[in-house]
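2 protein chains.
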Amino acid sequence: MNEANGLNPGEAGLSEGAEKFLGVSDGEMLSFSHLGSLDSMGDVRRKIYGHELDQPAYDRIISDIVDLDLSNVQLSAFITACAGDRMTLNEIVALTRSMIDSGQKIDWGPDPVFDKHSIGGLPGNRTTPIVVAIVAAAGLKIPKTSSRAITSPAGTADTMETLTNVELDIAEIRKVVQQEGGCLAWGGAVQLSPADDILIRVERALDLDSEGQLIASVLSKKSAAGSKAVVVDIPVGTTAKVRSMDEAERLASRMRGVGEEIGLKVNPVISDGSQPVGRGIGPALEALDVLDVLQCGSNAPEDLRKRAVTLAGELLEMSGTIKPGTGEISAGQILDSGKAWEKFVRICEAQGGLITPPVAEYVEEIRAPKSGRVTAIDNRKIARLAKLAGAPTSPAAGILLKVTLGDEVAAGDAVFELHSQSNGELEYAMDYLSNNADLVQIGDDDGN
Amino acid sequence: MNEANGLNPGEAGLSEGAEKFLGVSDGEMLSFSHLGSLDSMGDVRRKIYGHELDQPAYDRIISDIVDLDLSNVQLSAFITACAGDRMTLNEIVALTRSMIDSGQKIDWGPDPVFDKHSIGGLPGNRTTPIVVAIVAAAGLKIPKTSSRAITSPAGTADTMETLTNVELDIAEIRKVVQQEGGCLAWGGAVQLSPADDILIRVERALDLDSEGQLIASVLSKKSAAGSKAVVVDIPVGTTAKVRSMDEAERLASRMRGVGEEIGLKVNPVISDGSQPVGRGIGPALEALDVLDVLQCGSNAPEDLRKRAVTLAGELLEMSGTIKPGTGEISAGQILDSGKAWEKFVRICEAQGGLITPPVAEYVEEIRAPKSGRVTAIDNRKIARLAKLAGAPTSPAAGILLKVTLGDEVAAGDAVFELHSQSNGELEYAMDYLSNNADLVQIGDDDGN
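Quick look at the structure:
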């Protein structure tokens with residue numbers, strides 16, 4: 013590049029970013045051409061106008077996404093065009109296949125490989141570390157990769173990061189799984205579905221998570237990770253992501269259908285999504301609940317334990333190593349015996365060591381304004397409040413619930429605590445709370 | 013602001029842009045708060061999920077758009093959610109009303125005010141300057157504001173800008189119209205529909221123009237400009253924006269319906285959209301055609317003249333000043349008498365003076381590779397080629413057609429000229445042409 017302020021004919025100046033991206037250096041010969049029109053935007057427009065797209069069309073779109081050729085405005089149009097139940101089963105299969113083919117794949121050889129997923133939207137539903145520990149302790153292979161939060165206050169990767177290192181590459185995942193049967197890694201470091209990682213950024217900006225994209229996102233990552241059998245937790249509740257049984261059954265059937273097409277056995281488990289799970293909401297606070305359950309603490313949240321045991325039991329049954337109908341009992345025994353906790357510690361050690369989750373500096377106790385029974389807890393508002401308090405970016409931030417649905421409280425009793433790592437974030441959360449006092453509803457005895 | 017590199021407690025540093033936007037200066041007291049969540053994004057998500065939105069929802073969305081509170085990613089989602097025939101007539105009416113209420117309005121008093129619009133997609137269809145000249149010459153009031161190109165090689169404002177000043181504010185428009193009965197101004201300077209101006213930016217990035225948004229965009233601007241009666245040209249052709257008679261009739265009926273609801277009489281005229289109109293495509297080249305027709309030149313493009321006379325005749329009939337069925341004859345007489353040309357010159361003089369359109373420096377003649385009959389001219393590819401040649405940013409750039417459908421050409425005859433203001437743009441266009449030789453199709457005598 014010319015050191016002077018101007019350029020001479022035949023010279024071009026590049027930003028440092030462009031130099032790095034193109035991998036060129038000073039003095040090299042460059043040729044420039046006009047940006048061609050993107051065939052994939054023609055496909056996106058066809059989708060916007062309601063046409064069904066085929067496999068080559070999804071391949072073109074996903075390939076352009078991975079090559080960073082689509083702008084955020086274009087990605088937003090693609091995501092929106094696919095949202096609101098506008099993808100057929102064939103389209104979801106095609107999108108899933110395109111996503112699988114766009115990234116790395118892990119081959120575990122002939123051994124069956126198990127996996128687990130939860131549809132989000134239920135704060136505190138952090139069953140994955142417990143399920144992985146139980147299933148791996150039972151001798152099955154479960155190389156779990158998880159995402160960070162998309163629109164929630166914590167993803168499994170965020171929570172696990174407060175307990176151990178989660179940024180493993182494929183070689184490291186192989187090593188941990190070979191040694192312990194399971195792992196708890198962040199999926200984003202592995203590039204299992206690079207297109208999905210890009211789409212998720214825009215979905216987060218839109219606060220939008222559509223059925224077709226959701227299924228393709230989840231199942232492409234499971235398949236690319238080499239899984240053959242996956243249990244999927246689908247919580248249903250008026251303030252959960254899935255709001256009705258009809259919707260849950262539809263999602264379950266479509267996940268099963270797409271799984272069959274791509275050679276992945278999918279067993280959906282529809283569960284209660286009427287209120288948050290456990291006590292903590294936010295990376296570190298959820299990690300403490302997970303530790304309590306794994307260590308069989310006397311105060312361990314029973315709902316979290318029950319959900320984890322159900323899901324682990326389903327996987328044990330899918331493996332064919334135990335009799336049908338005995339999965340939950342087996343899973344409970346493995347947990348009670350301390351073997352799951354032992355396995356969890358060993359997995360964390362193999363990933364880089366077990367660490368203690370951070371504790372928030374600023375804690376504010378929220379008290380009941382009146383006596384009565386807890387009649388409703390709004391998952392969405394609880395999640396929003398935890399995010400305003402700083403979760404997941406501030407790992408210690410979030411909410412510690414002191415009540416569950418049906419509890420009787422007296423005026424002045426603690427309902428929950430707000431945890432923050434800065435005073436400003438605490439104030440944002442308190443400000444939101446003052447306008448959303450219905451976040452936890454306490455009814456009078458006459459039901460009001 | 014603190015002149016040092018750091019800030020002291022209680023101090024804030026703002027960029028010059030932020031200072032200007034907020035209208036604050038050095039030393040002022042500022043208070044900061046967390047960005048609230050946008051209610052309108054909840055509305056957009058409801059639309060994405062297929063729900064019909066009501067007037068208050070569209071009001072919230074349009075208000076947030078005008079306040080610049082929606083990001084491009086969010087705007088893209090809104091536009092996409094409304095595209096592909098996903099708006100009901102009630103929704104289009106609501107969106108149109110929101111857009112009208114979001115900007116300035118012009119009141120012309122009790123006089124009837126006329127207007128004209130063409131659905132785009134047909135290169136060279138530059139009837140507006142001719143229609144305005146005829147109608148104003150007939151003594152009617154037609155304060156025409158036009159847009160610049162959205163996805164085409166030229167908008168009426170781009171073409172008129174090569175002939176006179178088009179950046180008039182409302183006071184200037186009033187003055188010109190008071191004096192001459194008509195004007196030919198750029199609508200964007202008037203803020204008649206500021207939300208639409210923002211939406212159009214994103215639609216251009218997506219190369220997307222949906223029916224509902226199109227109707228709301230067009231009719232909100234007509235209504236805000238104080239029009240009471242508008243004729244709408246809807247060209248139909250396989251490579252035009254509207255591709256079938258069914259689609260044209262549906263659009264015509266919806267435009268009429270929305271017009272009725274907002275107190276605007278809309279008369280759609282469905283026209284032939286099988287090939288470009290006139291000879292020039294691009295701002296200056298189209299201006300030359302317009303001048304030719306207005307001056308009744310012996311070589312004036314007959315198709316452009318015919319279309320303009322039809323539309324002007326429709327407006328004359330809508331005014332009730334002439335007998336039904338005599339509109340075209342009257343309009344043709346006004347044109348032939350030289351009164352339309354005289355009126356056009358006076359309007360341009362009132363807007364700042366008539367100027368001569370620029371001429372391109374680089375011209376490349378494209379010749380027929382074989383003898384035969386011209387069987388197809390692709391409007392979309394012609395438009396794309398003209399844009400690659402530099403239109404509308406380079407006003408002299410574009411295409412000069414030498415043939416129309418059905419013409420017999422001999423091998424080596426000129427088919428069209430490419431005009432560019434830089435060699436690089438000419439090369440882009442030539443490069444596109446080499447991969448799209450079917451842009452003008454010449455058939456053998458046996459029809460191949």
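Chains as they are written, first to last, in our numbering: chain A, 13 to 460; chain B, 13 to 460. Even for Gly, the Cβ is constructed at its ideal location relative to N, Cα and C. Fair warning: this is a prediction, and the values are worked out from it, not measured in the lab.
Task: Candidates B:Ala-150, B:Leu-196, B:Ala-201, B:Ala-236, of which the one nearest B:Gly-325 by Cα - done: B:Ala-150
Task: Minimum C-alpha distance to A:Leu-50 - residue among A:Ala-69, A:Phe-33, A:Phe-44 - done: Taking A:Leu-50 as reference, the option from A:Ala-69, A:Phe-33, A:Phe-44 with the minimal CA-CA separation is A:Ala-69.
Task: Residue interval of the alpha helix (DSSP H) (run including A:Phe-356) - done: The continuous alpha helix (DSSP H) containing A:Phe-356 extends over residues 351 to 363.
Open item on the list: On the criterion of 16 or more Cβ atoms from any shown chain inside 10 Å, does B:Gly-115 qualify as buried, or is it exposed?
Closed with: With 16 or more other Cβ atoms within 10 Å, it is buried.
TODO: Would you check if the distance between the CB atom of A:Ser-205 and the CB atom of A:Ile-112 is smaller than 9 Å?
DONE: yes
Open item on the list: Across the stretch 370 to 381 of chain B and the stretch 182 to 202 of chain B, are there enough close Cβ pairs to call them in contact, namely three or more that are closer than 8 Å?
Closed with: Using a Cβ-Cβ distance cut-off of 8 Å, the stretch 370 to 381 of chain B and the stretch 182 to 202 of chain B are not in contact, since fewer than three pairs of beta carbons, one from each stretch, lie closer than that value.
Open item on the list: Tell me the residue span of the alpha helix (DSSP H) that contains B:Asn-5.
Closed with: What the structure shows of chain B is the stretch from 13 to 460, and residue 5 of chain B is not part of that stretch, so it cannot be assessed.
Task: Inter-residue spacing [alpha-carbon to alpha-carbon] between B:Glu-223 and B:Val-254 - done: 10 Å
TODO: Give the DSSP bridge partners of B:Pro-155, in chain order.
DONE: B:Cys-195
Task: Through-space distance from A:Thr-163 to A:Ala-320, alpha-carbon basis - done: 22 Å
Open item on the list: I'd like to know whether the C-beta atoms of A:Val-305 and A:Ile-142 end up nearer to each other than 9 Å.
Closed with: yes
Open item on the list: I want to see whether chain B comes within less than 9 Å of A:Leu-80, judged by CB atoms only; does it?
Closed with: no
Task: B:Asn-20 and B:Glu-64 closer than 9 Å at C-beta - done: no
Open item on the list: For B:Arg-5 and A:Ile-389, I'd like the C-alpha separation in whole angstroms.
Closed with: In the structure as shown, chain B begins at 13 and stops at 460. Residue 5 of chain B is therefore absent and cannot be evaluated.
Open item on the list: Give me the chain A residues within the contact set of B:Ile-438, using Cβ-Cβ distance strictly less than 8 Å, ordered along the chain.
Closed with: What sits at residue 438 of chain B in the sequence shown is Leu, not Ile. In chain order: nothing, as chain A lies at least about 12 Å away.
Open item on the list: Counting C-beta neighbours from all protein chains within 10 Å, is the total for A:Met-41 16 or more, i.e. buried, or is it exposed?
Closed with: exposed
Open item on the list: For a test of your reading of the model: does the CB of B:Pro-124 fall under 8 Å from any non-hydrogen atom of the ligand COA? Yes or no.
Closed with: Inclusion of the ligand COA in the displayed structure is not the case, the ligand content being empty and no account of it being possible.
- [ ] Please determine if the stretch 208 to 217 of chain A and the stretch 288 to 302 of chain A are in contact, where contact requires at least 3 C-beta pairs separated by less than 8 Å.
- [x] no
Open item on the list: Checking the sheet assignment: what are the DSSP bridge partners for B:Pro-280?
Closed with: B:Val-244
Open item on the list: At the level of alpha carbons, what is the spacing between A:Ser-310 and A:Leu-413?
Closed with: 17 Å
Task: Proximity test, Cβ basis, 9 Å: A:Asn-84 and chain B - done: Residue-level contact check: A:Asn-84 touches chain B, since one or more beta carbons of chain B fall below 9 Å from its beta carbon.
Open item on the list: By the 8 Å beta-carbon criterion, what residues does the stretch 59 to 70 of chain A contribute toward chain B?
Closed with: Ile-60, Tyr-61, Gly-62
- [ ] Anything in chain B within Cβ reach of A:Val-214, meaning under 8 Å, just list it in chain order.
- [x] Val-85
Open item on the list: For B:Glu-437, tell me which candidate among B:Leu-218, B:Phe-126, B:Arg-379, B:Ala-408 has the shortest Cα-Cα distance.
Closed with: B:Ala-408
Task: Other residues of its chain near A:Asp-66: CB distance less than 7 Å, five sequence neighbours each side excluded - done: For A:Asp-66, where only same-chain residues beyond five positions count, the Cβ hits under 7 Å are Ala-106.
- [ ] Rounded to whole angstroms, what's the CA-CA distance from A:Asn-137 to A:Ser-229? Just pull it up for me.
- [x] 19 Å
Task: Residue span of the beta strand (DSSP E) that contains A:Lys-128, given as start and end - done: 126 to 130
Task: Cβ shell of B:Lys-382 (< 8 Å), same chain only, five flanking positions each side left out - done: Ala-423, Ile-454, Asp-456
Open item on the list: Just to confirm the assignment, what range does the alpha helix (DSSP H) spanning B:Leu-204 have?
Closed with: Counting along the chain, B:Leu-204 falls outside any alpha helix (DSSP H), and DSSP gives it neither H nor E.
Open item on the list: Contact criterion: CB-CB distance below 9 Å. Does B:Arg-57 meet it with respect to chain A?
Closed with: yes
TODO: Would you list the residues sitting across from B:Leu-412 in a DSSP beta bridge?
DONE: DSSP output for B:Leu-412 lists B:Gly-292, B:Glu-429 as bridge partner(s).
Task: Boundaries of the beta strand (DSSP E) in which A:Glu-376 is found, first to last residue - done: 374 to 379
TODO: Check whether the Cβ of A:Ala-260 lies closer than 9 Å to any Cβ atom in chain B.
DONE: It does not: the Cβ of A:Ala-260 has no partner Cβ on chain B nearer than 9 Å.
Open item on the list: Since A:Val-244 and A:Ile-131 should fall inside the 8 Å C-beta cutoff, what is the C-beta to C-beta distance between them, to a whole number of angstroms?
Closed with: 7 Å
Open item on the list: Using only the alpha-carbon positions, how far apart do B:Tyr-374 and B:Ile-411 sit?
Closed with: Cα-Cα distance, rounded: 12 Å.
Open item on the list: Are the CB atoms of B:Ala-166 and B:Pro-404 within a distance shorter than 9 Å?
Closed with: yes
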